[in-house]
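A.B. asks: The opening position of the sequence shown corresponds to residue 697 in this note's numbering, with each subsequent residue numbered one higher. Cβ coordinates follow ideal geometry from the N, Cα and C atoms, glycine included.
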Amino acid sequence: MKLTNVEKKENNQVELSITVEKDEFEKAMQESYKKNVKNINVQGFRKGHAPRKIIEKIYGEGVFYEDAMEYSYPAAYEAAIREANVEPIANPSITDLDIKDGEFTFKAVVQIKPELGLKEYKGLEVEKPAAEVTEDELNAEIDKVAQRNARQVPVEREAQNGDVVIFDFEGFTDGKPFEGGKAEEYSLELGSGMFIPGFEDQIVGHKAGDEFDVNVTFPEQYQAKELAGKPAVFKCKLHEVKMIEKPALDDEFAKDVSEFDTFEEYKEDLRKTMLETAQARAESTYEEALMDKLIENLEGDIPEVMYENQLDQIVSDFGYRMGAQGLDFDTYLKMNGMEMGSFRNLFRTQAERQVKVRLALEAVARLENLAPTEEDTEQEFAKLAKQYNMDVEKVRELLAPIAVKSDLSVQKAVDFVKANAKVPGAKKTRKTTKKTTKKAETAEESTETAEDKE
């Protein structure tokens, strides 16, 4: 491939003049011949075995041009945008296709990101939330750990909220059983809210061996539309009632759930872990607020296609996560009574914000000349190679250097905006004084639980 000219056009467009040289195009012509020869009849030859030169002599030199151009265009275009150092935001418009002296030439008109202006990006004023862990929050977290390590003890009394019950049930609407409404020896913690409103309350007060009806009405917004808003009767048989017995919060408990010998050591380390999580959450909240303030200062028009591209990426990522959990994306949509259009609309605001933030940060990087060094770029490629367990050269093939450099510039811009922001009335962060270590497992559980409170 040879990039012969790069010309900037109006409306954030660039025209690339591209040549697929003779040797490259000859390979594409040969591929086109292999694809089409099986369908060509030439007198004196078995079908599919006529030489290329004979076919071209009969049907003309251009008989294989169309497929040859389709073969050679993608690689030539990709190489050209890399060499031109441009990031397209939409499919190109291809014009002026020509084949002369064995070379294939064409022009690609590419729409690129707009370079937006910023009214202000220094001295942005945003309140920074304090990061702290109260004694109540700490005790609540310890209680959750105790709950996970609790025993279930069978009791011969009426079921109470907080108990676990083992029971059979079968649901009926209009006197008929419905799909998914039956289970045997089902385990349910009363008060957990796992069943529809009113169901668990009607089990409270019953003992093992009781058979009874539970009368409920499905919510209007219930996911199974055929049941939404309908009254239902569940015939239940209670087999067992179990009391949840949490362990005592003492040194033995600390030894069971951590590497510490005393409860106080465990408690202080948990406080430290929760504080680190709170600090990370506060920093993230502050950064988001700062970015919201930054995009208020954007000047210029953003092509709608950029929002659609970002929506495509969000939907693709969501589908990938569903697949990793063994759930087909289409099935997920049906379960939630949604179509793709309404699903995309759920994320439209998020997509628009992400595009605006990216463009604003790219503007900061451009205005402050925050380009990464070659060393920065090399280190990033090495980091990505390690992250994905791939050779650096393979990563280079998959990721365009311009994209990697752009990401690095954006991160530099984030750091620049934060360093130059004003933080009114910043509160001091509470710090722990004890230096302790803890089992990775307990720390991970605590961090995940703390994050769930967001």
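With respect to the beta strand (DSSP E) encompassing methionine 939, which residues constitute its N-terminal and C-terminal limits?
C.D. replies: It spans 927-941 - the beta strand (DSSP E) in which methionine 939 sits, taken as one unbroken run.
A.B. asks: Quick check on histidine 745: buried or exposed, where buried means 16 or more other Cβ atoms within 10 Å of its Cβ?
C.D. replies: By the 10 Å Cβ count, histidine 745 comes out exposed.
A.B. asks: Exposed or buried, what is aspartate 965 when buried is set at 16 or more other beta-carbons lying within 10 Å of its beta-carbon?
C.D. replies: So aspartate 965 counts as buried.
A.B. asks: Around the Cβ of leucine 923, are there at least 16 other Cβ atoms within 10 angstroms (buried) or fewer (exposed)?
C.D. replies: Burial call: buried.
A.B. asks: Can you tell which of Val733, Leu820, Glu779 and Val841 has the C-alpha that lies nearest to the C-alpha of tyrosine 962?
C.D. replies: For the residues Val733, Leu820, Glu779 and Val841, the minimum Cα distance to tyrosine 962 belongs to Val841.
A.B. asks: Determine the contact status of arginine 1044 and leucine 1007, defining contact as a CB-CB distance below 8 Å.
C.D. replies: Result yes, Cβ atoms of arginine 1044 and leucine 1007 sit closer than 8 Å.
A.B. asks: Taking the beta strand (DSSP E) that leucine 699 belongs to, which residues open and close that run?
C.D. replies: 698-705 is the extent of the beta strand (DSSP E) around leucine 699.
A.B. asks: Report the rounded CA-to-CA distance for arginine 1126 versus glutamate 828, giving the unit in angstroms.
C.D. replies: With a pLDDT of 44 at arginine 1126, under the threshold of 50, the modelled position of that residue is not reliable, and the figure given next carries that caveat. If I take the Cα positions, the gap works out to 6 Å.
A.B. asks: Excluding the five sequence neighbours on either side, which residues of its own chain have a C-beta within less than 7 Å of the C-beta of phenylalanine 959, listed in chain order?
C.D. replies: Excluding sequence neighbours, phenylalanine 959 sits near Leu945, Asp946, Asp947, Phe949 and Ala950.
A.B. asks: What residues are listed by DSSP as bridge partners for proline 784?
C.D. replies: Answer is Ile808, bridged to proline 784.
A.B. asks: What three-state label does DSSP hand glutamate 881 in the structure shown?
C.D. replies: Glutamate 881: strand per DSSP, three-state reduction.
A.B. asks: Could you tell me whether the stretch 970-985 touches the stretch 1090-1109, where touching means 3 or more Cβ pairs closer than 8 Å?
C.D. replies: Cβ pair count under 8 Å is below three, so no.
A.B. asks: Can you look up valine 841 in the DSSP assignment and give me helix, strand or coil?
C.D. replies: In the structure shown, valine 841 sits in a helix (DSSP, three-state: H, G or I).
A.B. asks: Could you tell me the boundaries of the alpha helix (DSSP H) in which proline 850 lies?
C.D. replies: Where proline 850 is concerned, there is no enclosing alpha helix (DSSP H), although the beta strand (DSSP E) it sits in stretches over 847-850.
A.B. asks: Once DSSP output is grouped into helix, strand and coil, what is the label at asparagine 1065?
C.D. replies: Reduced to three states, the DSSP call for asparagine 1065 is coil.
A.B. asks: Could you please give me the residues that DSSP links to leucine 712 through a beta bridge?
C.D. replies: Its beta-bridge partners are Val702 and Ala804.
A.B. asks: Beta strand (DSSP E) containing aspartate 909: first to last residue?
C.D. replies: Note, aspartate 909: beta strand (DSSP E), 907-913.
A.B. asks: So if DSSP puts proline 639 in a beta bridge, which residue, or which two residues, is it bridged to?
C.D. replies: The chain is shown from 697 up to 1150; residue 639 falls before or after that span and cannot be answered.
A.B. asks: Rounded to a whole number of angstroms, what is the C-alpha to C-alpha distance between asparagine 845 and arginine 1017?
C.D. replies: Whole-angstrom Cα-Cα distance: 30 Å.
A.B. asks: Between isoleucine 808 and the rest of its own chain, which residues show a CB-CB distance below 8 Å, the 5 nearest in sequence each way excluded?
C.D. replies: Once the five neighbours on either side are set aside, the close Cβ partners of isoleucine 808 are Asn708, Gln709, Val710, Val782, Glu783, Pro784 and Ile785.
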